[in-house]
Each structure stands twice: as C-alpha cells, then as structure tokens.
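Chains as they are written, first to last, in this note's numbering: chain U, 1 to 561; chain H, 1001 to 1285. All C-beta atoms in this analysis are idealised placements derived from N, C-alpha and C, irrespective of residue type, glycine included. On a predicted model such as this, the values are computed, not experimentally measured, just so you know. Heads up, the thing below is written out as structure tokens.
Below, the structure is given as structure tokens:
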C-alpha cells in the first residue's frame, strides 16, 4: 500500500483546522482515502500543535512516525518533531522557521508572508498551504473554490476573493517542492465514502440507535459528542442539555429513560468518576443507560488533550455494589457508528448501563470510510404498556422484567434505589434481597457477545491482543511485518470478556499485549477471566498513540526472542 | 382522613417516627392531588434519600426514588422527556439544599414545569440529628457539638433572587394553607418551590410543633404576590416566619420544556417518536 504522510505544525489559533477541513474534503472528492490524527497542547492559543494527514489509495486507520512532508507554520515547529525527520523528509515553511534543527532533512523555504503581502499577509497562510497541498496531490481546484466560497461566504465577498487568491498562490508554490505523489486515485471513492471523525462516528451511531436525549457537562475529549448531538437536535428531535455537573448529567439520563426517552451522556474519566453513584443507581433500578466515556491520561487532570486507554478498570469496576454492565470499545470509525448504535439496543434490551469506551486519539482522528447503509436500521423500543397490576421488577426466568413507563397504560411504575419488591417498593426482606440480586445478575445470560476480530492467519503461533483505538496501528504493523505465524485479536467488547477469548488465547504459543496504559489493564482483566497471561506486554503511556513503526519494531523484536 | 386514589396499601409499614410531621403532610398531599383530579398514572414523584424522600413510597403513583440530592435533575429530565406528565420533586432540606444544592440553583435557572416540595425540619433525621443547611446558628448536635457555626441557608431568598417564578412557605401544622399552596403550585406552569416547615419530633427539640405554631404567621390576604422585591425582603423575616405564597410572577415565564426545539412543532412525548432510515441516510452525505 502506497501512502504519504503530511504533517502540519503550528500554534493553536493559527488555523490548522481550516487546512485540515479543506484538505480532507479535497482528498476525498479527488478520489483518495485519507486519515488524520492530531496532537494538541492544552491551550486555546500558542503552544505547538501537530496534525498528520495520511493520503492513500486504500483505507488507512493508523498513525505513522514517517513524515514525507512537514509544513511548519510557526516557530519551534521542528524541534518537537525531530525524531520523525529523515533525510527523505521535505520540510517547508517560512525560511526563519526552518533553522532550528540539526537533523538532516530537505529544507525548502516557502515565501508565505511575501506571497500574501498585498492581500493581508499571514492571515491567509492556511489557505495558501491548502493550495500548495491541492497542487502537490493533483486535487481538483474547482472543488476547492466551491468549498472556500461556502466556508467564507458569511465573511463577505472580499474575504472569499482573498482566500481564492491565497489558494492559487499556494498552488503555484507547489512547483518548488520536489514531492511527486504517485497514489492511485479512484474517482468513485467520493460517492461510496464518507469522511468523518471519531466524534462524529459516535454521534451518528447514537442517532441510529434512536438517541433522543443527551445531558452532559463539557469535558475534553468527550465534549464533541455533546456538540454533535446539539447541532443535530432540531433535525433529529433530540433534547440536548448542558447539565450543571456530571452528577446531574447521568441522573438526568436515568430520568429520561424512565420517562421513555433513549438517552446518553458523554464525558471523560474525571466526569465519569463523578457519575459512578448514578451508574450504580442504573444498576439497581435496572435502567438502560448509555455512557460515552472518552479517555484521556490521568490520574486527576493528567494530560487533558492527549490520549490513553487508562480508564478501563474504572469503567469495569465503577459503582458500589454488584450489577451487570457492558463495555464496548471501537477501533475503527465504522465501529464507532456500529457500537454506539448497538449500545442503545443492548442497554434497552437488557436494562443495563452500557459504556462506550473511546479516547482522544479515536475521537479526534478523521478518516474516510465506506458509507454505512441504514436502510435496514430499526430502533427497537423495549417498552411495555402497563396494566393495573403491573410490577416493574416482576421476577422472570431471564431476569429481565417488562419495562413500563409512566403515562403508557394504567399501571404504576415505581423505581427504587433501595432494595425493592417486585412492585418497586422499599424492602429489607432478606429473601427478596437475594431474589432481586440473583435476578439482576442473570440478565446478561443471553447477551450476544461481540467476539474479538481475528486478523491474520488462523494457524498463528503468536497472538497480538489489542482493544479499542490501537486497532489501526497494530493491524498495519502486522501487515508490514508480513508474517504468517502472527495474528491479531482485536477486542471491541471488553466487558464482559467475550466467551471466545479463552480459546483464541489458548491456541497461541506466544501472546503479546499492546495497550495504551501503564499497567496493562485489559491484559490483567483477560488474565483474571481466562487464567492466561501474556509473554510480552507493550505498554505506552506518554499520552500518545502507538505508531505503526514503533509496533513493527517492538513486535518484530518480540517474535525473534 | 378522606379516601383518595393516591392511598397506598393500608398494610404498608411506614418508616417514620410516631408523631412525625410527614404524616399530616402525606394526607395533605394526597388530598390536594385528589382535588386537582390528577390521575395517579399521569403523576410522577421524584425523590432522593432521607425521611422526607420516602414520601412517594406511601403514595399510590409513579415514582422515581433515586439518589440523595438528585431528585431535581431526574424530575427535570422526566418532564423534558414527557411534558404531559405531572412531575413533583420531593425531599428534605439536607437532600435538596445540601447534597443537591447545585441542582437547586440550576433548576431555577431552567424553570421546568415541576413542583418542588422541600420538607424543612432544620435537621438531619435519617442520619440521626446532625445539622442541616437550614439549622439555626448555635444549634448543638452530636456533630456540631459546640453549636452550628454556619449561617442558615435561606431557600426562599435564594430562589427569588435566582428567578424562581413561584416561591412559597408552608407549615404542616397549617393543613388548610399547605393544601392550598400545593394545589396552586402543581397547577402553576413553571418551577414552583414550597419550603414546608415540618417538625422532626426525634432530633429537633428546638423547632417543635409548638415552636412553629408560635413563631409563624400567615401572610395577609392583601399580600401582593407579584412584587418581587417586597417578596425578597419578606424572606429575610426570621421570627416570626411568614407563611404563604411569597412570590408568584404575574406574567408567564416560558418553561424549560416549552423552549426545547423538540417540542416546537410536535408536542408528543419522546417515546412515541420514530426515526426513519431515510433520515439516517442523510448522515452519510
């Protein structure tokens, strides 16, 4: 697979986002697949942010160290990226920004300010860079003109004109950059595909799952889902409320489900920690709940804008007392849609909280995926019309009691955070307590597990295990290694551990764990549930996702042992 | 006591102490709801934890007896998901003003059409006698052994200043007044707070039935409920304590759920609505 990696480096507030948005659209409309990841510093302006765009003829889902073209928009842009430069890397930007590295690379000065002098200067630098990229990857400028006109229409005709001029000048400067992209374009890509971010994938999946209520308190990187739902609230009939705190958010969600809505919250680790009492409430009152938990490195405030898979233990064990729960962790943008949708079905059918566990890397990544076909999508509401003798917690064989809601039927719906009778009334009767606990704990008996996906040879000797957002990097690393004796098991349902896990692990002579946290939380969970341990643990916790090269090296070393 | 559709099973084991102010309040609430001709299946009482929060256990109606302090966000969401329901949030002073204090501020700002009943006995009952946010300064308890240091919270002043459109104080010893205020509050379209003085016979030996009888008085018939600044001033009267509707906004303030775009053209509850594959297909454009 041929792919190019373009890295943009700039300060917060310099408009990297404009380039990203425009270039991603251009690439797809021109028939490429693309994947974008970001690394941000926690500030609104200044600092140094980087964005990597990978351009390919096939879907790509991973972050690579290799940099073919680095575009530096601000001071000190190179130093932080030195490890990713090689003598093949072309580095371009204003001449004064290219001096701060001793690493050999091909430096090509780009006269940004001079080219824009007459139209207002570096204000248009981002559009100029978009033009440069457009020409380098032979995209259609007409498409860009349309996009620019739409994007800046609100700002007036002069601004549109200046942006188009800046874009054209960027295209002309492309002749000075010796990058010759040779990637096959397929013009049918646009019609078949959709460009979206991880955040959007969760939002789209939630809408497909019938979500019509979201209450949340802003916390990076989970906030984007609240903003997505709010921006679709009118068209899709969603109540989107910014709660006063996370305690209110999850309690609101439970109130909404009780009254018949299909509700969710989105948060990050710290916010989820505040929700744990309400999570336990969901367990006790047997309310469906969907919780999007967007991980970032902790403990406490940690690295607020970076990535980690550090909250799996929190998700598995949060909440006092015993109650069942399900945790899904998407690895691809398709997974984001499918698992968010499925979270609503599972929560509703089994009357349990379902946690969708993502992270900053997953949410902020953008990629191009085949369009999802929703024509068969049906939103199954597991709600029953109540009769006068209705009992919310009727004891059943499956443990699942028909769920009534107030105002539908002439029964009374009582839910109680105290231990309760079948009628939902407070009780301290020991026999009822046992019956109710057993009832709750048998509810997931009929849950259909999302089994891990096995990628690679069925006759593996080495099995690499990963979950959630490490999917792309592990998959591509194994493709590059090209070894028939290594396979990859990717877990999308991390809790309960799917029934097939034990057999998959048992067949391997050597087991390698790849996780984005310091203790190997999922590895420990698998060990506890399957009594199998890993031979090698590859754990990363510097706030960054694994790169493909890093895993090629590490897995390559491990299989030599 | 009058028979109502809200009466629970007569064999129910009620967890309150003999002589508790919650007993008369239970009767008053049921009568008020009966007189308003509300169907028990169309009513939801959301409560938290505490002796007061057990109230819905003894009322034949839908209820959500959730967590300590969280009855209000739950009630707000229930009303937002199905505005056709009559929703009451009920609990004690510790539940609503202490543990749930932040929600108290923000529910007023949102103004959902719910009735907020706060049993105010100026003490913690269920946890056995510690100070509550409304306990008077100097009150000695097993925890505040040298007496309460903090200033008592003034819920009525807070509510009026944040913008609550209906703010009242009742006393369980004045059944007629309490019932009338509850009826007005439930019928009021918007957030309505009633702080209900409700003696705790076990743990508050100062603010007893007799004390409340002697230290309260009804606002006069001539009281202008529409005057916000005078109402606010009135809330600072501490002894004797005025009873009645301090403030009822004259013009109608739109409720939270009325302003939600989901109900702009379609008034149906969320659970009755569907979303078509065609709508979802647009998300792939």
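For residue i, tell me which candidate among the options has the shortest Cα-Cα distance.
{"i": "residue 508 of chain U", "options": "U/460, U/468, U/467 and U/480", "result": "U/460"}
{"i": "residue 226 of chain U", "options": "U/291, U/113 and U/497", "result": "U/291"}
{"i": "residue 287 of chain U", "options": "U/432, U/75, U/392 and U/171", "result": "U/392"}
{"i": "residue 264 of chain U", "options": "U/298, U/18 and U/228", "result": "U/228"}
{"i": "residue 1239 of chain H", "options": "H/1232, H/1217 and H/1248", "result": "H/1217"}
{"i": "residue 235 of chain U", "options": "H/1134, H/1033, H/1043 and H/1264", "result": "H/1264"}
{"i": "residue 572 of chain U", "options": "U/494, U/153, U/157 and U/483", "result": "With chain U covering only 1 through 561, there is no way to say anything about residue 572 of chain U."}
{"i": "residue 42 of chain U", "options": "U/163, U/543 and U/333", "result": "U/543"}
{"i": "residue 190 of chain U", "options": "U/12, U/338, U/26 and U/8", "result": "U/26"}
{"i": "residue 1044 of chain H", "options": "H/1057, H/1050 and H/1014", "result": "H/1057"}
{"i": "residue 266 of chain U", "options": "U/241, U/94, U/515 and U/196", "result": "U/241"}
{"i": "residue 484 of chain U", "options": "U/462, U/476, U/413 and U/498", "result": "U/462"}
{"i": "residue 1139 of chain H", "options": "H/1207, H/1015, H/1078 and H/1248", "result": "H/1207"}
{"i": "residue 1271 of chain H", "options": "U/440, U/211 and U/515", "result": "U/211"}
{"i": "residue 357 of chain U", "options": "U/222, U/233 and U/259", "result": "U/222"}
{"i": "residue 517 of chain U", "options": "U/156, U/545 and U/504", "result": "U/545"}
Using beta-carbon positions only, say whether residue i and residue j come within less than 7 Å of one another.
{"i": "residue 490 of chain U", "j": "residue 456 of chain U", "result": "no"}
{"i": "residue 110 of chain U", "j": "residue 91 of chain U", "result": "no"}
{"i": "residue 1120 of chain H", "j": "residue 1195 of chain H", "result": "yes"}
{"i": "residue 198 of chain U", "j": "residue 336 of chain U", "result": "yes"}
{"i": "residue 1236 of chain H", "j": "residue 1167 of chain H", "result": "no"}
{"i": "residue 340 of chain U", "j": "residue 327 of chain U", "result": "no"}
{"i": "residue 991 of chain H", "j": "residue 1019 of chain H", "result": "With chain H covering only 1001 through 1285, there is no way to say anything about residue 991 of chain H."}
{"i": "residue 64 of chain U", "j": "residue 365 of chain U", "result": "no"}
{"i": "residue 361 of chain U", "j": "residue 469 of chain U", "result": "yes"}
{"i": "residue 1040 of chain H", "j": "residue 1061 of chain H", "result": "yes"}
{"i": "residue 1113 of chain H", "j": "residue 1190 of chain H", "result": "yes"}
{"i": "residue 66 of chain U", "j": "residue 35 of chain U", "result": "no"}
{"i": "residue 147 of chain U", "j": "residue 312 of chain U", "result": "no"}
{"i": "residue 1153 of chain H", "j": "residue 1097 of chain H", "result": "yes"}
For residue i, which residues of its own chain have a beta-carbon under 8 Å away from its beta-carbon, when the five flanking residues on both sides are left out?
{"i": "residue 300 of chain U", "result": "270"}
{"i": "residue 426 of chain U", "result": "416, 418, 419 and 420"}
{"i": "residue 1105 of chain H", "result": "1158 and 1162"}
{"i": "residue 68 of chain U", "result": "4, 5, 6, 88, 89, 90 and 179"}
From what residue to what residue does the alpha helix (DSSP H) around residue i run?
{"i": "residue 562 of chain U", "result": "Since the displayed chain U opens at 1 and closes at 561, residue 562 of chain U lies outside it and no answer follows."}
{"i": "residue 348 of chain U", "result": "333-350"}
{"i": "residue 280 of chain U", "result": "269-285"}
{"i": "residue 33 of chain U", "result": "Not the alpha helix (DSSP H): residue 33 of chain U falls in the beta strand (DSSP E), residues 33-39."}
{"i": "residue 158 of chain U", "result": "157-173"}
{"i": "residue 436 of chain U", "result": "430-441"}
{"i": "residue 1103 of chain H", "result": "1101-1110"}
{"i": "residue 112 of chain U", "result": "112-116"}
{"i": "residue 1211 of chain H", "result": "1209-1214"}
{"i": "residue 262 of chain U", "result": "Residue 262 of chain U -> no alpha helix (DSSP H), and no H or E assigned at all."}
Kindly list the residues whose CB is nearer than 7 Å to the CB of residue i, restricted to its own chain and excluding five residues on each side of it in sequence; keep chain order.
{"i": "residue 537 of chain U", "result": "513, 520 and 523"}
{"i": "residue 1073 of chain H", "result": "1103"}
{"i": "residue 1141 of chain H", "result": "1129, 1130 and 1131"}
{"i": "residue 458 of chain U", "result": "none"}
{"i": "residue 333 of chain U", "result": "196, 198, 201, 367 and 369"}
{"i": "residue 256 of chain U", "result": "213 and 263"}
{"i": "residue 1023 of chain H", "result": "1016"}
So residue i is in the beta strand (DSSP E); what residue range does that whole segment cover?
{"i": "residue 414 of chain U", "result": "414-416"}
{"i": "residue 1005 of chain H", "result": "Per DSSP, residue 1005 of chain H belongs to no beta strand (DSSP E) and is neither H nor E."}
{"i": "residue 1256 of chain H", "result": "Here residue 1256 of chain H belongs to no beta strand (DSSP E), and DSSP marks it neither H nor E."}
{"i": "residue 358 of chain U", "result": "353-359"}
{"i": "residue 1116 of chain H", "result": "1115-1120"}
{"i": "residue 24 of chain U", "result": "It is not in any beta strand (DSSP E) - residue 24 of chain U instead sits in the alpha helix (DSSP H) that spans 16-29."}
{"i": "residue 490 of chain U", "result": "486-491"}
{"i": "residue 1228 of chain H", "result": "Taken as a continuous stretch (DSSP letters only), residue 1228 of chain H belongs to no beta strand (DSSP E), being part of the alpha helix (DSSP H) at 1228-1235."}
{"i": "residue 1276 of chain H", "result": "No beta strand (DSSP E) holds residue 1276 of chain H; DSSP gives it neither H nor E."}
{"i": "residue 386 of chain U", "result": "384-386"}
Take residue i and list the residues in its own chain whose beta-carbon comes closer than 6 Å to its own, dropping the five residues that flank it on each side.
{"i": "residue 1178 of chain H", "result": "1028 and 1170"}
{"i": "residue 18 of chain U", "result": "126"}
{"i": "residue 275 of chain U", "result": "246 and 250"}
query = When Cβ atoms are compared, which residues of the stretch 264-289 of chain U fall closer than 7 Å to chain C?
reply = Looking at the structure shown, chain C is missing, and the protein chains on hand are U and H.
query = Do the stretch 380-387 of chain U and the stretch 396-403 of chain U touch if we need at least three Cβ pairs shorter than 8 Å?
reply = yes
key: Contact between the stretch 197-213 of chain U and the stretch 163-183 of chain U (3+ Cβ pairs under 8 Å)   = no
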